[in-house]
Amino acid sequence: MAGAMRGAMRALELVHVAGRCSYAEGLGLQRAAMNAKLAALREGHEMPRDRLFLLEHEPVYTLGRSADVANVLSGVADGGFDLVRVDRGGEVTFHGPGQIVGYPVLDLRAHTKDLHWYMRQVEEVIIATLATYGLEGSRKEEYTGVWVDDAKVCAIGLNASRWITSHGFALNVTTDLEAFSRIVPCGIDDPALSVTSIEALLGSGVAAPSRMEVQERLVKEFMRIFTYDRLRLTKSHAAPVESEIKTIR
C-alpha cells in the first residue's frame, strides 16, 4: 500500500503567500490544509495533494507546546512584541522579515511513517539549499535545526496528527539577528553557540541573495529530496484564525 501511494503522490502544491502575514494568518492557512487532509482520511475521500506554504511573518516570538517561558527575556515584553504558544515541538524562536518560513503539510503515509526520518529530510533540504551558496550546513546531535559551524541558520519545529504534518522551518536569509538577543533561542543557553543568517555567513563582500532567490533554490531541493516530479504554484492571501492563537501577553 505504502509503495503504491509513493508512486501515485508525486505532485506538490507550492503556496506562495503574498506580502508579510501575521502568525495567525499563517496558522490559518496550514490548519485549513491539514484539516482537509484529516477529513479525507476520516471519510475515505481522495487525499488532497501535499502542500508547502512559504511565507514571511510580521515580527513574532513563538513558544513550542512545552517550551519554558523563562527563555523569553524582558526585551520581548518591553518592546511590545507578540509572544505566542503553539502546538509544535521545540522552544522559543523568532519569526520576522528576512526569513523564509516553510510549513509543509504532507501525508507521511505516502512517504515514510517516521517523524525522525521526516525531520532529517527537512534538515537535508536546508543543508542542500545552503550548499548552492557554498555554505556547509550540518546537524548537531543534541539539537534540532541546521547549523553552520556553531551558529544556527535554520530553526525547525514540527508537528503531526495521524501522519499529516504541520509547522515546519524558519531559514534566516537577511533576518535582523538582534531579534534573537531578546530570547534564549531554542532554549540553548550556551555562549559558544549563536544564531546566524545566509547574509551574515556570506560576509560583507558578497551581495546578500533575496528571499525569493533563496526560496526558488529551496523549492528545487524540497522537490528533489521528497521525490516530487510535478509542481503546482498557488498564490494566496492569508486569512487569520485568531481562535487558534494563544498570545501570552
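Residue numbering for the sequence shown follows our numbering, beginning at 10 and increasing consecutively. Heads up, the beta-carbon is just placed ideally off N, CA and C, and yes, glycines get one too.
Can you give, in chain order, each stretch of the alpha helix (DSSP H) that sits fully within the stretch 104 to 166 and has at least 4 residues? 124 to 140
On the three-state DSSP scale, how would you describe Ala-217? Taking the sequence shown and counting its residues from 1, one reaches residue 217 at position 208. Ala-217: coil per DSSP, three-state reduction.
How many angstroms separate the CA atom of Ser-203 from the CA atom of Lys-161? Here the question's residue 203 lines up with position 194 in the sequence shown. Here the question's residue 161 lines up with position 152 in the sequence shown. Cα to Cα, Ser-203 sits roughly 6 Å from Lys-161.
With a Cβ-Cβ cutoff of 8 Å, do Leu-23 and Leu-240 count as a contact? Residue 23 sits at position 14 when you count from the first residue of the sequence shown. Residue 240 sits at position 231 when you count from the first residue of the sequence shown. Cβ distance < 8 Å, so Leu-23 and Leu-240 count as in contact.
Could you tell me which residues DSSP puts in a beta bridge with Lys-244? Translated into positions along the sequence shown, residue 244 becomes position 235. His-25.
So Gly-35 is in the alpha helix (DSSP H); what residue range does that whole segment cover? Stepping through the sequence shown from its first residue, residue 35 is reached at position 26. 32 to 52 is the extent of the alpha helix (DSSP H) around Gly-35.
Is His-66 near the ligand FAD - that is, is its Cβ less than 7 Å away from at least one heavy atom of it? This structure lacks the ligand FAD; in fact it carries no ligand of any kind.
Asp-185 versus Val-131 - alpha carbon distance: Within the sequence shown, numbered from 1, the residue matching residue 185 stands at position 176. Within the sequence shown, numbered from 1, the residue matching residue 131 stands at position 122. Rounded to whole angstroms, Asp-185 to Val-131 spans 23 Å at the Cα level.
Tell me which residue opens and which closes the beta strand (DSSP E) that Ile-173 is part of. Within the sequence shown, residue 173 is the residue found at index 164, counting from 1. Counting along the chain, the beta strand (DSSP E) containing Ile-173 begins and ends at 173 to 181.
Residues in its own chain within less than 8 Å of Val-215 by CB, not counting five upstream and five downstream? Here residue 215 refers to the residue found at position 206 of the sequence shown. Nothing listed; no residue qualifies.
Quick one, are the C-beta atoms of Met-43 and Ile-192 less than 8 Å apart? Residue 43 sits at position 34 when you count from the first residue of the sequence shown. Residue 192 sits at position 183 when you count from the first residue of the sequence shown. Taking 8 Å as the Cβ cut-off, Met-43 and Ile-192 do not qualify as a contacting pair.
Could you spell out the range, first to last residue, of the alpha helix (DSSP H) harbouring Glu-208? In the sequence shown, residue 208 corresponds to position 199, counting from 1. Element bounds for Glu-208: 207 to 211.
With a CB to CB cut of under 7 Å and the five nearest residues on each side skipped, what residues in its chain are close to His-104? Taking the first residue of the sequence shown as 1, we reach residue 104 at position 95. Same-chain partners within the cutoff: Tyr-32, His-66, Val-69, Thr-71, Val-110 and Ala-179.
So, is Ala-188 buried or exposed, given that buried needs 16 or more other C-beta atoms within 10 angstroms? Here the question's residue 188 lines up with position 179 in the sequence shown. By the neighbour-count rule (16 or more Cβ atoms within 10 Å), Ala-188 is buried.
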